[in-house]
Amino acid sequence: MEIIRKATPTDTVPRWEVVQEDCVHAEDSQALASSGQVTVTLERWRAEADALKARGQVGLRVLGEVDPGDYADVLPHVDLVCIQFPKFADGRGYSAARLLRERYGFTGTLRALGDVLRDQLNYMARCGFDSFVMAPGKDPRASLSAFEDFSESYQPAADEVLPLWRRASLPGFSLSDFSKVDGNREGAA
Amino acid sequence: MYQYNEFDQKIVRQRAAQFGDQVRRRLSGEVTENEFKPLRLQNGLYMQLHAYMLRVAIPYGLLSSAQLRKLAHIARTYDRDYAHFTTRQNIQYNWPKLQDVPKILEELAEVEMHAIQTSGNCIRNITSDPFAGVARDEIEDPRPYCELLRQWSTFHPEFAYLPRKFKFAVTGAEEDRAAIQVHDIGIRLVRGEDGTVGLAFYVGGGLGRTPFVAPCIQPFVPKAHLLTYSEAILRVYNRLGRRDNMYKARIKILVKSMGAEAFAHAVEEEWQYIKDGPLQLREQDIARVKSYFQEPEYPVFQGTAPTVESLMLSKEKPSDPAFSAWVDNNVVGHRKPGYVAVSLSMKRETLPPGDVTDNHLDALADLADRYSMGEAVVTHRQNVVFPNVQVALLPPLWEELTQLGFATPNLQRLTDVIACPGLDFCNLANARSIPVAMRITERFQDLEKLYELGQVTLNISGCINACGHHHVGNLGVLGIDKLGVEHYQLMLGGSSANDASIGKILGKAFTEHEIADAVEKALLCYIGLRTSPQESFLATYRRVGAQPFKDAVYGDH
Numbered sequence: 256m257e258i259i260r261k262a263t264p265t266d267t268v269p270r271w272e273v274v275q276e277d278c279v280h281a282e283d284s285q286a287l288a289s290s291g292q293v294t295v296t297l298e299r300w301r302a303e304a305d306a307l308k309a310r311g312q313v314g315l316r317v318l319g320e321v322d323p324g325d326y327a328d329v330l331p332h333v334d335l336v337c338i339q340f341p342k343f344a345d346g347r348g349y350s351a352a353r354l355l356r357e358r359y360g361f362t363g364t365l366r367a368l369g370d371v372l373r374d375q376l377n378y379m380a381r382c383g384f385d386s387f388v389m390a391p392g393k394d395p396r397a398s399l400s401a402f403e404d405f406s407e408s409y410q411p412a413a414d415e416v417l418p419l420w421r422r423a424s425l426p427g428f429s430l431s432d433f434s435k436v437d438g439n440r441e442g443a444a
Numbered sequence: 004m005y006q007y008n009e010f011d012q013k014i015v016r017q018r019a020a021q022f023g024d025q026v027r028r029r030l031s032g033e034v035t036e037n038e039f040k041p042l043r044l045q046n047g048l049y050m051q052l053h054a055y056m057l058r059v060a061i062p063y064g065l066l067s068s069a070q071l072r073k074l075a076h077i078a079r080t081y082d083r084d085y086a087h088f089t090t091r092q093n094i095q096y097n098w099p100k101l102q103d104v105p106k107i108l109e110e111l112a113e114v115e116m117h118a119i120q121t122s123g124n125c126i127r128n129i130t131s132d133p134f135a136g137v138a139r140d141e142i143e144d145p146r147p148y149c150e151l152l153r154q155w156s157t158f159h160p161e162f163a164y165l166p167r168k169f170k171f172a173v174t175g176a177e178e179d180r181a182a183i184q185v186h187d188i189g190i191r192l193v194r195g196e197d198g199t200v201g202l203a204f205y206v207g208g209g210l211g212r213t214p215f216v217a218p219c220i221q222p223f224v225p226k227a228h229l230l231t232y233s234e235a236i237l238r239v240y241n242r243l244g245r246r247d248n249m250y251k252a253r254i255k256i257l258v259k260s261m262g263a264e265a266f267a268h269a270v271e272e273e274w275q276y277i278k279d280g281p282l283q284l285r286e287q288d289i290a291r292v293k294s295y296f297q298e299p300e301y302p303v304f305q306g307t308a309p310t311v312e313s314l315m316l317s318k319e320k321p322s323d324p325a326f327s328a329w330v331d332n333n334v335v336g337h338r339k340p341g342y343v344a345v346s347l348s349m350k351r352e353t354l355p356p357g358d359v360t361d362n363h364l365d366a367l368a369d370l371a372d373r374y375s376m377g378e379a380v381v382t383h384r385q386n387v388v389f390p391n392v393q394v395a396l397l398p399p400l401w402e403e404l405t406q407l408g409f410a411t412p413n414l415q416r417l418t419d420v421i422a423c424p425g426l427d428f429c430n431l432a433n434a435r436s437i438p439v440a441m442r443i444t445e446r447f448q449d450l451e452k453l454y455e456l457g458q459v460t461l462n463i464s465g466c467i468n469a470c471g472h473h474h475v476g477n478l479g480v481l482g483i484d485k486l487g488v489e490h491y492q493l494m495l496g497g498s499s500a501n502d503a504s505i506g507k508i509l510g511k512a513f514t515e516h517e518i519a520d521a522v523e524k525a526l527l528c529y530i531g532l533r534t535s536p537q538e539s540f541l542a543t544y545r546r547v548g549a550q551p552f553k554d555a556v557y558g559d560h
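The listed protein sequences derive, respectively, from chains D and F. At position 114 of the first sequence the residue is numbered 369 (this note's numbering), and the sequence of numbers has no breaks. At position 394 of the second sequence the residue is numbered 397 (this note's numbering), and the sequence of numbers has no breaks.
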């Protein structure tokens, strides 16, 4: 499966790339192979938490409408959370992503699944997604330019610490300098 | 007025380029219409009955003369020589070609304008008091707060796919001229007990199928929290608002179903997490935006500044009684001595309410330069205000406006109708609104007859989406479809002012030939019932109730 991800996760101005990655989004009734990356639903995690922790390489797969508070306790045990967009116009996944990053301090891979289209990638990335599986039939390589549509944004979000009006008032402001400033980020709850 | 810095400028230019690419991909088939729809909507591009319609944002209604000239140029070059002012202080073009839209957006960007988020399920243009900055009853100029909201909401990554559209209105005055209680969020600048100015938040108002007057969920939020509190409301709405039924997806339904208190509690809880974050405004953040809205440098008058009263006693006053009627009706006081704010009536017999031609727009630009320090404001009643006119220049301004047909002295009168485009243009409409507006208003062209009715509002919508705000007209007319025939319901008792209320349907609907009679009968009934000419239509209706009006309107059926 091809995914879009940050080429170098630590870069302040991220570059994006398309890579091949195998990940099985397991149905609840499906037996898990003994190794390899998988994701499971929250229900399965609740039922099999101990076995899944012991296995490792298990990510969580939830719909955007699920309140991240409902699975905050799982986050320390996973390094991949997939948020599913049943329809691209269902905006609940954006709030879920910001809460995961900004309130619950999730630092693992946050991946958008489902009806993921080029013209929403930039907003998704701003909300904290760093990995995407495009909707069937959509070319991930042709979608990479979406991240370059805008070089500025007004409001703070998961990717930006301060609003533009505060950055713009800093002396000698330029975007590249600013991204190094350690801002007033909300801590993990 | 607010001036773009290099970042604002870059953002609107990048938006134009982005949309150009989206249109290219749509035309090549790379993007389906279903996928393209929300993209074009977030650029104000609707598919209408006959063609695309492009809605251009006018933040808080404020336009410079250069912007007016650009709007005229666009009407002439890319449309059919006219445009339409909307009830949300925007302007619409009814006939642009899809392939021209990116070019139009580039032209708009040249004068610091755009069509960003004028449609779609996102935060729309922020509206305000047309007399903002000059009103005598103002606690503080609301426009800096509108501008901060504009910046915060522009391309907000979390709130681009809300359950439904989302509209803010902000007022800083005691009298609400921005209809804040029928918006998703209405914000009123208020003075707290210790004298500091803060924000009262009204949430969950709206018109449409299920009209509500918004409850106040928080009577005093410090100004520093304009954006943190707004973000908390939007996050609660984005997560909890209904998405299964578009007719139940507005925030008003959420507030109603949770109850205002429980909703306020949910917002408060969310707010606790983010209130101390980077969206909290510092003094200097507000001061910087305020610096763009500082009073212009008004010339100092020798001796006493002229007043409207002194002008009316002087020999400079035109002898025409129409001038006095215009001054009484369309001119209001200004916070600065020697100045007034002048309302230009866009309601004429010959054109639909809100329509302006390219030549009109050019003429407005020219007049704004010569009489109003280069600024004009579009109002939610689809008129235009010149906010900075010297009292002494009223006579020549009136002469020029009369020539153009903008001096009808009918502000806040029956013929100052709000009407949506209706079935003539809109594919949602059930009935035509503009011909009905014209049919009613032609009966009241005689000023004496018009003034006899006192201050009264008539709002007309062509369908239940209520773009013509029929619920909050003192008299409201709603177009409906009855077995394929256009019919019109009459409702009475609505208001969008401080005493906001939703009008009530009087009885069974009328045909297009009957509706003007019904409106006239209701008005004659009011004249008969009022205790004095000072008692308004609305006050009389509220005192006596619907029954006498029912008897008068349906009596001889």
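The beta-carbon is built from N, C-alpha and C at its ideal position, and this holds for glycine as well.
Contact annotation: E234 (chain F) and L282 (chain F) have beta-carbon atoms nearer than 7 Å. At the C-beta level, Y409 (chain D) and T157 (chain F) come within 7 Å of one another. In this structure M379 (chain D) is buried. Its beta-carbon is surrounded by 16 or more other beta-carbon atoms within 10 angstroms.
Classified as exposed, I530 (chain F) has fewer than 16 neighbouring CB atoms from the shown chains inside 10 Å of its CB.
The DSSP-derived three-state label of P399 (chain F) is helix. As computed with DSSP, C219 (chain F) is found in a beta bridge with F:Y205.
Bounds of any alpha helix (DSSP H) do not take in W98 (chain F), whose DSSP letter is neither H nor E. For Q458 (chain F), the nearest beta carbon of chain D is not closer than 7 Å to its own beta carbon. Ranked by Cα distance from W155 (chain F), the first of D:L419, D:F402, D:A413 is D:L419.
With 16 or more other Cβ atoms inside 10 Å of its own Cβ, M56 (chain F) counts as buried. Within chain F, the residues placing a beta-carbon under 8 Å from that of A344 (chain D) are P41, N124, Y164, ordered along the chain. At the C-beta level, L202 (chain F) and V224 (chain F) come within 7 Å of one another. Taking 7 Å as the cut-off, the beta carbon of A412 (chain D) is found closer than this to the beta carbon of P160 (chain F). Pairwise C-beta distances place the segment 380-391 of chain D out of contact with the segment 194-213 of chain F, as fewer than three of them are shorter than 8 Å. By the rule that beta-carbons nearer than 7 Å mark a contact, Y409 (chain D) touches chain F. Ranked by Cα distance from R238 (chain F), the options F:W98, F:I126, F:G189, F:W401 are led by F:I126.
Interface with chain F (7 Å Cβ-Cβ cutoff): S386 (chain D) is excluded. Counting C-beta pairs closer than 8 Å gives fewer than three between the segment 299-312 of chain F and the segment 355-370 of chain F, which falls short of the contact rule.
Of the candidates F:L532, F:T174, F:Q275, F:L532 places its Cα closest to the Cα of F552 (chain F). Note that the segment 462-476 of chain F touches the segment 426-436 of chain F; at least 3 beta-carbon pairs, one per stretch, sit closer than 8 Å.
Straight through space, the alpha carbons of E415 (chain D) and R381 (chain D) are spaced by roughly 8 Å. The Cβ of D288 (chain F) sits closer than 7 Å to at least one Cβ of chain D. Taking 7 Å as the Cβ-Cβ cut-off, the segment 13-45 of chain F approaches chain D at K13, I14, Q17, Q21, Q25, E38, P41, L42, given in chain order. In terms of CA proximity to V420 (chain F), F:M349 leads the group F:Y454, F:M349, F:K452, F:A379. In summary, I508 (chain F) is exposed, with fewer than 16 beta-carbon neighbours lying within 10 Å of its beta-carbon over all protein chains present. In the three-state reduction of the DSSP assignment, R260 (chain D) falls in the strand class, which pools E and B. Taking I183 (chain F) as reference, the option from F:D502, F:L44, F:L486 with the minimal CA-CA separation is F:D502. Collapsing the DSSP output to three states places C337 (chain D) in a strand.
Shown here for V459 (chain F): same chain residues with a beta carbon closer than 6 Å to its own, the five before and five after excluded, namely L417, N477, F540 in chain order.
Between the C-alpha atoms of D132 (chain F) and R180 (chain F) there is a straight-line separation of about 5 Å.
Residue state for S504 (chain F) is assigned as strand, using DSSP reduced to three classes. The Cβ atoms of R139 (chain F) and A252 (chain F) lie no closer than 7 Å to each other. Straight across, the Cα-Cα distance linking T267 (chain D) with R27 (chain F) is about 31 Å. In this structure, DSSP gives T213 (chain F) a state outside helix and strand, which the three-state scheme calls coil. One thing to note: R18 (chain F) has its Cβ within 7 Å of the Cβ of I119 (chain F). The C-alpha of R153 (chain F) lies about 22 Å from the C-alpha of R384 (chain F).
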